[in-house]
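Enquirer: Numbering (my numbering), first residue to last: 38 to 214.
The beta-carbon is built from N, C-alpha and C at its ideal position, and this holds for glycine as well.
So that we are looking at the same thing, I have put the structure below in structure tokens.
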Amino acid sequence: MQTGCIHCGQQHLLNDDAVAKHPKVSFKCTKCGLTTIVEIKRSVDQTVVISPMPSFARADASTQRLRLLAVDDGLRLPENLEVILTVEGGPEANKSFTLSKARTVIGRKGADIALEDPEISRHHCVIEVRERHVNLKDLDSTNGTFFEGERARAVLLQEGAIFRIGSSVIRVTLRPK
């Protein structure tokens, strides 16, 4: 079974026997050395779906826990582009946020971007930027993070991508500086 490292994108081949009996499997990336945890889902017809699961998605999203997360050296905002998050629906519709950090937590009060949406967890999800790549990762939120109508743990977002947290619908825009 093939999957990719959520940190650097390196592809890895997992041993089918090792995966067969476990709902979650972790592996250490041969390129970046970081650990990726994947969730193994089996449909009724025994089709296996592997979805990346950030290592911090299993822990509580308390402020203390968030401070302990390692900062990825590969994270950096693009020099010639602004990354803008625009709330298109929900309690704070039409609000825009220009990212000032390569790692930005979205949630309620206390998050880097605090939204007044009662359906959002205190630390709901994180946006991580590596030059032109924008990653969205759920922080084990109660109500989930949704992309293209499906609950997602980690997603690589393209220009114009839309995701939903709570009742807030958010668009990602990359704009030249």
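Between C42 and H170, what straight-line distance do the alpha-carbon atoms span, to the nearest angstrom?
Expert: Cα-Cα distance, rounded: 14 Å.
Enquirer: Within 10 angstroms of its Cβ, does H160 collect 16 or more other Cβ (buried), or is it exposed?
Expert: So H160 counts as buried.
Enquirer: Compute the Euclidean distance between the alpha carbons of T123 and L173, then round it to the nearest angstrom.
Expert: If I take the Cα positions, the gap works out to 15 Å.
Enquirer: Can you list, in chain order, the stretches of the alpha helix (DSSP H) that have 4 or more residues and sit fully within the stretch 105 to 153?
Expert: DSSP runs (the alpha helix (DSSP H)) wholly in the stretch 105 to 153: none.
Enquirer: Provide the residue span of the beta strand (DSSP E) that contains P213, from first to last.
Expert: Per DSSP, P213 belongs to the beta strand (DSSP E) from 205 to 213.
Enquirer: Taking the beta strand (DSSP E) that K61 belongs to, which residues open and close that run?
Expert: Run containing K61: 61 to 65, per the beta strand (DSSP E) assignment.
Enquirer: Would you tell me roughly how many angstroms separate the C-alpha atoms of R145 and E153, rounded to the nearest one?
Expert: Cα to Cα, R145 sits roughly 6 Å from E153.
Enquirer: Going by DSSP in three states, D175 sits in which element: helix, strand or coil?
Expert: In this structure, D175 counts as strand in the three-state DSSP scheme.
Enquirer: State buried or exposed for D177, treating a residue as buried only when at least 16 other CB atoms are found within 10 Å of its CB.
Expert: So D177 counts as buried.
Enquirer: Can you tell me where the beta strand (DSSP E) with I202 in it begins and where it stops?
Expert: Looking at the DSSP string, the run of the beta strand (DSSP E) that includes I202 is 199 to 202.
Enquirer: Note down the Cα distance separating G46 from T40, rounded to an integer number of angstroms.
Expert: Approximately 9 Å between the Cα atoms of the pair.
Enquirer: Check whether the stretch 181 to 195 and the stretch 110 to 121 touch, using three or more Cβ-Cβ pairs below 8 Å as the test.
Expert: Contact between the stretch 181 to 195 and the stretch 110 to 121 is absent, because fewer than three Cβ pairs lie under 8 Å.
Enquirer: Taking S204 as the reference, give the member of R212, K214, A148, E125 with the closest Cα.
Expert: Considering only alpha carbons, the answer is E125.
Enquirer: Measure from the alpha carbon of K132 to the alpha carbon of each residue in I207, D54, N52, H59, then state which is nearest.
Expert: When each option's Cα is compared against that of K132, the closest is I207.
Enquirer: Is it buried or exposed for T3, if we count other Cβ within 10 angstroms and need 16 for buried?
Expert: This structure cannot speak to residue 3, because the chain is shown only from 38 to 214.
Enquirer: DSSP three-state call for V81: helix, strand or coil?
Expert: In this prediction, V81 scores a pLDDT of 49, lower than 50, which makes its location untrustworthy; the coordinate-derived value is nonetheless stated afterwards. Residue state, collapsed to three classes: coil.
Enquirer: Beta-carbon separation of V75 and L51 under 9 Å?
Expert: In contact: V75 and L51 (Cβ atoms closer than 9 Å).
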